[in-house]
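Chains as they are written, first to last, in the working numbering: chain A, 73 to 540; chain B, 7 to 564. Quick reminder that beta carbons are idealized off the backbone N, C-alpha and C, glycines included.
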């Protein structure tokens, strides 16, 4: 009997494994309960009454973006605000998976692991959510962007704190009166549930010259001493690289300001595929960034299989280059920040704002994209682009550095018009990126969107340049 | 004006909060009753050595005597063999059997052959040592008891009928919750089911205490508690199967009593071994030949209106055979016959595609093999053979590996193979600590949720606390089974009880961790809770072994 007792220890080991497993399960439950609950098929919070118990969503100034009144979800009374924030706030259908109403559904409904979702409606408490966006800036961007009736995106974020001030994606619709999407109007609403700021990537065109310029600054010591002759077209690697107009004899800074393709194509070829790939990798073109747990669409740069002509085109943001709007804003923010990227966020975090008020920047732990020196030089040539070429009065007195781009996409479509950059003002540290698909010159199309949004955003931040 | 519906809602929530606390109390009471002291820690008999004046306590119903340190009665005498003889107690007294010792065993000076009775004051001689066979009361030192059992002086255990009342009221609360579900249709159906359930519970209690005159009822009360939860949960999922489940559970209770009766005499158990083996193989073969393929496994046979899963019933026979092969304590170390039988069973189950049950059998095999031989080499060899076998199968049938590809990656396959696991996790978390209320869950809409995913249903509708409580209630049977090991009337009972409890824990783990993507989903049932007639019968059959291991089961009737 003693032997049997001793040997029965083996089943104790099985039982210990079982208890260990239960402990692991409990641990997993505590860590992940929110994610587990937030599933589209979870009938406890979705379906008919999905948002009937949800709390309100506010913008940074406390303006109500969405709230539940008598069991009905009501969105902001201003139609432009409603439509501009469709992809940030979401609608009743929860089809926009990256929107706050989808992402934070369980929190909005008052979910916690303790009570689960078991509360009868009369006893259920809900949580409110405060976003970092500014309703007016978004509406301003949307009004201009939607006037083109094209797909596009505009994002502005504070590169010091990471707060996203403006995030607008078109096409959109009114969340208060969502359209019934049928087979006939399907094409009109194609991709409407996608937040283009986070989830789309586009051919960058000339804005990619920032990357090529960074590679040149770091690898060609005499870059500022050189000059080039631009005749409007030049054969590189068997085919022509073309410019919009002949730029004549220009130096590096002028080439950036006037966006000379030939100069940057030559630079890309001179630097070679390896250096270009390396620089793109360091800046994070091929990676996705996280915005409150949502991964942005990855950009794309890979010239390891490109021929000379393709390598040349890749240097001016053509070939198979792609970038994401949020990503471009982060890159511009990194330049403004002395090379270090700041992770963006859409949700106002009480703790973070207190920390940043006393000088600790929680979101400042992004990746190092440029060396301090490179960032300073890029800053100078992007600043020059505005002062020399576009004029400095565009942004109501803000000190802006920027680059435009016109990404050719071929087929029968017009190019992607881009504008990316940032304001250097101490009280208005904003980085922006705007793209309009199927449009034309970046400055013509993206420019006005950025202008409207930046001025409004600067006003909301109380920047002295626009208020004074 | 005050809203009356708020008061009603508060009532509903209060009931949901009470149930987990109540479940904890019931499980605690069941185990507290099991821990209650049965007899004083006096030896059953004492061996008195008049030469040295040494008194050796004989504690168990079966005791090995020998020089080996692991013997129950250690005789430090070089003339005594390591395993010299066995002293055992049966209905008609004490017996001694020589187990192949070199110098032989003598009773009153006569060398014994076969089983020989010893009476009080007889003299047993092993080697150069002589022992007078004395009553237990002659031993005057205090003996230590297993930690599991509480102190003798403690207040008496909860009365069986009170425990039963607690269990029934718990099921009644579940019934009330189910009546006031969100759907608000068919409101009184749970009441009818509860009536039937209460009748079965108290009927079984009556048979056990009045007809069979058993003194204790804790184990049965615990099993009834779990069975009732399974039955009541089904009312809002599939009313018909709730009644099927109840009927099957009642048959299981009969099976429970029958098995206890069959194994009443440990000496006769051995004779049943071969016929039982044949029955087991025939049952498994029948499901291969007549089997209906459900969810990829051909483990059902349909006879008229009844469909049964023979592999469930074979579990009982398997443990019976595994434990019964010990003719004489520690002498029969030959596992050969059992290994062949196990290989046949596991092989047939694998042929059926029922890998979950095959795995349960294999784990049970490890437990039985180790408890019989105490040999780690056997275990390692068996595991190695199994790994080799599995690799071999995967080589020829790579599609089987596909079934396990989602393991650990359920969220990546949320709409495909990981559908069940992700739904379990979502609804498990949705229930919170107290659940959404019986009938208000959504996991029940997922296929096979009433059996394979029932842990999720319990967690969603009754809360995580109840789910974990019932899991631990089943798991703790191991501790109980082990604690009564030394109180059993024979090693057959000890081993079968430990193995039955071990099997239940293995099955429990595969069910819970399979459904929650910690282990691959193999589709085995949650003991006592999962819907499935054969499964619930098998569970009741298995705990018969644990019940039989308690010496009071066959002892003096009240």
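C-alpha gap between residue 399(B) and residue 237(B), whole angstroms:
In the second chain, residue 399(B) corresponds to position 393, counting from 1. In the second chain, residue 237(B) corresponds to position 231, counting from 1. Going by the C-alpha atoms only, they are around 38 Å apart.
Reduced DSSP secondary structure (H/G/I, E/B, other) of residue 184(B)
Within the second chain, residue 184(B) is the residue found at index 178, counting from 1. Residue 184(B) falls in the helix class under three-state DSSP.
Where does the unbroken alpha helix (DSSP H) through residue 514(B) begin, and where does it stop?
Numbered from its first residue, the second chain carries residue 514(B) at position 508. Here the alpha helix (DSSP H) through residue 514(B) covers 497 to 521.
Where residue 225(A) falls: helix, strand or coil (DSSP):
As a first step, residue 225(A) is located in the first chain; it is residue number 153 there, counting from the start. In this structure, residue 225(A) counts as strand in the three-state DSSP scheme.
Taking only beta-carbon atoms, is residue 80(A) less than 9 Å away from chain B?
Stepping through the first chain from its first residue, residue 80(A) is reached at position 8. Taking Cβ atoms only, chain B reaches closer than 9 Å to residue 80(A), which makes this a yes.
I'd like to know whether the C-beta of residue 437(B) is nearer than 9 Å to at least one C-beta of chain A.
Stepping through the second chain from its first residue, residue 437(B) is reached at position 431. True, the Cβ-Cβ gap to chain A drops below 9 Å.
Got a sec: is the Cβ-Cβ distance from residue 126(A) to anything in chain B below 9 Å?
Residue numbering aside, residue 126(A) sits at position 54 when the first chain is read from its first letter. Cβ-Cβ to chain B under 9 Å: no for residue 126(A).
Listed by chain order, chain A residues near residue 431(B) by CB distance under 7 Å
If you number the second chain from 1, residue 431(B) lands on position 425. Around residue 431(B), the beta-carbon contacts reaching into chain A at under 7 Å are 108.
Can you give me the C-alpha to C-alpha distance between residue 433(A) and residue 162(A), rounded to a whole angstrom?
Looking up residue 433(A) in the first chain gives position 361. Looking up residue 162(A) in the first chain gives position 90. At residue 433(A) the pLDDT is 48, less than 50, meaning the model places this residue with poor confidence; the figure from the coordinates comes in the next sentence. So the two alpha carbons sit approximately 29 Å from each other.
Contact set for residue 245(B): own chain, Cβ-Cβ below 7 Å, skip 5 residues either direction:
One-based indexing of the second chain puts residue 245(B) at position 239. A distance below 7 Å between beta-carbons, with the five flanking residues on each side excluded, links residue 245(B) to the following residues of its chain, in chain order: 195.
Please go through the same chain and pick out, in chain order, the residues whose beta-carbon is closer than 6 Å to the beta-carbon of residue 512(B), but skip the five residues on each side of it.
Working through the second chain from its first residue, we reach residue 512(B) at position 506. In chain order, 366 and 369 place their CB closer than 6 Å to the CB of residue 512(B), counting only its own chain and leaving out the 5 sequence neighbours on each side.
Does any C-beta atom of chain A lie closer than 9 Å to the C-beta of residue 488(B)?
Reading the second chain from its first residue, position 482 is the one you call residue 488(B). Yes, its Cβ sits closer than 9 Å to a Cβ of chain A.
Any beta carbon of chain B sitting closer than 9 Å to that of residue 334(A)?
Here residue 334(A) refers to the residue found at position 262 when the first chain is read from its first residue. The beta carbon of residue 334(A) does not come within 9 Å of any beta carbon belonging to chain B, so the residue lies off that interface.
Taking only three categories from DSSP, how would you classify residue 388(A)?
The sequence position of residue 388(A) within the first chain is 316, counting from 1. The three-state secondary structure of residue 388(A), taken from DSSP, is coil.
Let me make sure I understand the geometry here. Which of 287(A), 285(A) and 327(A) has the alpha-carbon closest to that of residue 304(A)?
Stepping through the first chain from its first residue, residue 304(A) is reached at position 232. For residue 304(A), the nearest C-alpha among the options comes from 327(A).
Run of the alpha helix (DSSP H) containing residue 354(A), from where it starts to where it stops
As a position in the first chain, residue 354(A) is number 282, starting the count at 1. Looking at the DSSP string, the run of the alpha helix (DSSP H) that includes residue 354(A) is 333 to 355.
Below 8 Å on the Cβ atoms is my contact criterion, and I expect residue 328(B) with residue 505(B) to pass it. Report the Cβ-Cβ distance as a whole number of Å.
Within the second chain, residue 328(B) is the residue found at index 322, counting from 1. Within the second chain, residue 505(B) is the residue found at index 499, counting from 1. Indeed, because the Cβ distance is near 6 Å, the residues count as touching under 8 Å.
Report yes if the CB atom of residue 36(B) is closer than 9 Å to the CB atom of residue 203(B), and no otherwise.
Your numbering for residue 36(B) matches position 30 in the second chain. Your numbering for residue 203(B) matches position 197 in the second chain. In this structure, residue 203(B) does not lie closer than 9 Å to residue 36(B) by Cβ.
Give me the chain A residues within the contact set of residue 504(B), using Cβ-Cβ distance strictly less than 7 Å, ordered along the chain.
Mapped onto the second chain, residue 504(B) falls at position 498. For residue 504(B), the chain A residues whose Cβ falls inside 7 Å of its Cβ are 80 and 83, in order along the chain.
Backbone secondary structure at residue 314(B) - three-state DSSP
Here residue 314(B) refers to the residue found at position 308 of the second chain. Reduced to three states, the DSSP call for residue 314(B) is strand.
Check the C-beta distance from residue 21(B) over to residue 183(B) and give it rounded, since I have them as a contact under 8 Å.
Counting from one through the second chain, the residue named residue 21(B) turns up at place 15. Counting from one through the second chain, the residue named residue 183(B) turns up at place 177. Confirmed, Cβ separation roughly 6 Å.
Just reading off the beta strand (DSSP E) that residue 418(B) is part of, what are its end residues?
For the purposes of this step, residue 418(B) is taken as the residue at position 412 of the second chain. Run containing residue 418(B): none; DSSP gives neither H nor E here.
I want to see whether chain B comes within less than 9 Å of residue 14(A), judged by CB atoms only; does it?
With chain A represented from 73 up to 540, any question about residue 14(A) goes unanswered, as that position is not in the structure.
Tell me whether residue 395(A) is buried or exposed, calling it buried when 16 or more other Cβ atoms sit within 10 Å of its Cβ.
Numbered from its first residue, the first chain carries residue 395(A) at position 323. Classification of residue 395(A): buried, given that the 10 Å Cβ count is 16 or more.
Give a yes or no on whether the minimum CB-CB distance between residue 166(A) and chain B is below 9 Å.
Translated into the one-based positions of the first chain, residue 166(A) becomes position 94. Answer no: the Cβ-Cβ gap between residue 166(A) and chain B never drops below 9 Å.
With DSSP as the reference, label residue 283(B) as helix, strand or coil.
The residue you call residue 283(B) lines up with position 277 of the second chain. Helix.
Please classify residue 440(B): does DSSP put it in a helix, a strand, or coil?
Position 434 of the second chain, counting from 1, holds the residue named residue 440(B). DSSP, read as helix, strand or coil, puts residue 440(B) in coil.
Taking the alpha-carbon positions, what's the residue 175(B) to residue 71(B) distance?
Reading the second chain from its first residue, position 169 is the one you call residue 175(B). Reading the second chain from its first residue, position 65 is the one you call residue 71(B). Just so you know, the alpha carbons of residue 175(B) and residue 71(B) end up roughly 50 Å apart.
Does residue 94(A) get closer than 9 Å to chain B when you measure Cβ to Cβ?
Reading the first chain from its first residue, position 22 is the one you call residue 94(A). Yes, residue 94(A) lies at the interface with chain B (some Cβ there is under 9 Å from its Cβ).
Could you spell out where the alpha helix (DSSP H) holding residue 445(A) opens and where it closes?
Position 373 of the first chain, counting from 1, holds the residue named residue 445(A). Taken as a continuous stretch (DSSP letters only), the alpha helix (DSSP H) holding residue 445(A) covers 444 to 456.
Residues of chain B with CB under 7 Å from residue 114(A), in chain order?
For the purposes of this step, residue 114(A) is taken as the residue at position 42 of the first chain. Those within 7 Å of residue 114(A) in chain B are 432 and 436.
Amino acids of chain B, ordered along the chain, whose beta-carbon sits closer than 8 Å to that of residue 187(A)
Position 115 of the first chain, counted from the start, is the residue given in the question as residue 187(A). Those are 438, 439 and 440, listed as they occur along chain B.
Cross-strand partners of residue 274(A) (DSSP beta bridge):
As a first step, residue 274(A) must be located in the first chain, where it is residue number 202. Paired residue(s): 395(A).
Quick one: Cα of residue 330(B) to Cα of residue 275(B), how far?
Residue 330(B) sits at position 324 when you count from the first residue of the second chain. Residue 275(B) sits at position 269 when you count from the first residue of the second chain. Inter-residue distance for residue 330(B) and residue 275(B) is about 6 Å (C-alpha atoms, whole angstroms).
Indicate whether at least one CB of chain A lies closer than 9 Å to the CB of residue 187(B).
Locating residue 187(B) in the second chain gives position 181, counting from the first residue. Contact of residue 187(B) with chain A is not assigned, every C-beta pair being separated by 9 Å or more.
Backbone CA spacing between residue 363(A) and residue 17(B) [nearest angstrom]:
Position 291 of the first chain, counted from the first residue, corresponds to residue 363(A). Position 11 of the second chain, counted from the first residue, corresponds to residue 17(B). Going from the Cα of residue 363(A) to the Cα of residue 17(B) covers about 43 Å.
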